[in-house]
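Peer 1: First residue of the sequence shown? That's 5 in our numbering, and the numbers climb one at a time after it.
Idealized CB from N, CA, C, for every residue including glycine.
One structure, pasted below without further comment.
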Amino acid sequence: MTVVRGTFDTSFLQLRVPVIRAKRQPEPLPTYRQIVRAIMARVLPRSRFMVDVPKTKGRACLTFEDGPHPEYTPRILDVLKAEKVTGTFFLIGEKSQAHPDIVRRIVDEGHVVGNHTWTHPHPGTLSGSALVEEIESTDRLLNELTGKSPRLFRPPMGKLTIREFARVWRMSKSIVLWNNDPKDFACGSSYELRAKLSRRPIEPGNIVLMHDNQPFSGDVLSETISHAKRRGIRFSELPIQ
Ligand SMILES: [Zn+2]
């Protein structure tokens, strides 16, 4: 079954041939899954499937997932407030139930909340109806806490089968992936995350994937935002059509 996963590089759509230089590995050819994702991003409206935002607007979007976390999410919120930047938080239902005050703070401070399932199940382990229940129960809780059901949905690990995509669309959700992933979850220190972000700085059109259940994003967020602002990039919450 076709699985659609998060980060990918659409540069192959420009039919560029990878340049092989001495001491450098050639860029890997796109996989079948990457091709499917890139085609979907091209043919579907952003209101249904988003991996980026329009570059021409000079904007980028910070997205945080897997929270709320009692320590790391408030730290991130403090930085966003100080920088006067709003972002998008894809929340897990059971963690939102455990930390309702943080959910309310996220919304009160102007950020957008998206649905990231109730338990963050591993992709492919649930039936279609169980996935729908994960999404609906999270919607119900977030509606109770914030007065609104999220329109945005991000699948755990960015993976959904085509059949699951169809189910989520029938729930009138916009599916949101990303096109800039510094892999904060794999970093062992702030230094390592800083190095990753400097190798691939935020660009206009980026949807940046970060995790607010990880310790280092809050450490490097302020300098990351400042660096992008100095290059003329403005930040918005999703969606930007
Ligand atoms: Zn996640």
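Between which two residues does the beta strand (DSSP E) containing Met214 stretch?
Peer 2: Counting along the chain, the beta strand (DSSP E) containing Met214 begins and ends at 211-215.
Peer 1: Would you kindly check if the distance between the Cβ of Pro72 and the Cβ of His103 is under 7 Å?
Peer 2: Taking 7 Å as the Cβ cut-off, His103 and Pro72 qualify as a contacting pair.
Peer 1: Quick one: grab the DSSP three-state call for Glu69.
Peer 2: Looking at Glu69 - three-state DSSP - the assignment turns out to be strand.
Peer 1: Based on Cα-Cα distance, which residue from Leu84, Phe94, Arg171, Asn147 lies nearest to Asp70?
Peer 2: Nearest option by C-alpha distance: Phe94.
Peer 1: Taking its Cβ as the centre, do 16 or more other Cβ atoms sit within 10 Å of Ser230, making it buried, or is it exposed?
Peer 2: With fewer than 16 Cβ atoms within 10 Å of its Cβ, Ser230 is classed as exposed.
Peer 1: Hey, quick one: how far does the alpha helix (DSSP H) through Val172 stretch, first residue to last?
Peer 2: Run containing Val172: 166-174, per the alpha helix (DSSP H) assignment.
Peer 1: Thr77 lies in the alpha helix (DSSP H); which residues open and close that run?
Peer 2: Run containing Thr77: 76-87, per the alpha helix (DSSP H) assignment.
Peer 1: Under 7 Å, do Val172 and Phe157 count as touching if we go by C-beta distance?
Peer 2: It is a contact, given that the beta carbons lie within the stated cut-off.
Peer 1: With H, G and I counted as helix, E and B as strand and the rest as coil, what does DSSP make of Asn147?
Peer 2: Three-state result, Asn147: helix.
Peer 1: For Glu148, does the count of other Cβ atoms within 10 angstroms reach 16, so buried, or fall short, so exposed?
Peer 2: Glu148 should be labelled exposed.
Peer 1: From Arg109 to Lys85, what does the alpha carbon distance come to, in whole angstroms?
Peer 2: Their backbone Cα atoms lie some 11 Å apart in a straight line.
Peer 1: Consult DSSP for Phe53 and reduce its assignment to one of helix, strand or coil.
Peer 2: Here Phe53 sits in strand by DSSP.
Peer 1: I'd like to check one pair, Leu213 with Val55: are the Cβ atoms closer than 7 Å?
Peer 2: Cβ atoms of Val55 and Leu213: not closer than 7 Å.
Peer 1: Since Arg52 and Ile244 should fall inside the 8 Å C-beta cutoff, what is the C-beta to C-beta distance between them, to a whole number of angstroms?
Peer 2: The Cβ separation is near 15 Å, so there is no contact.
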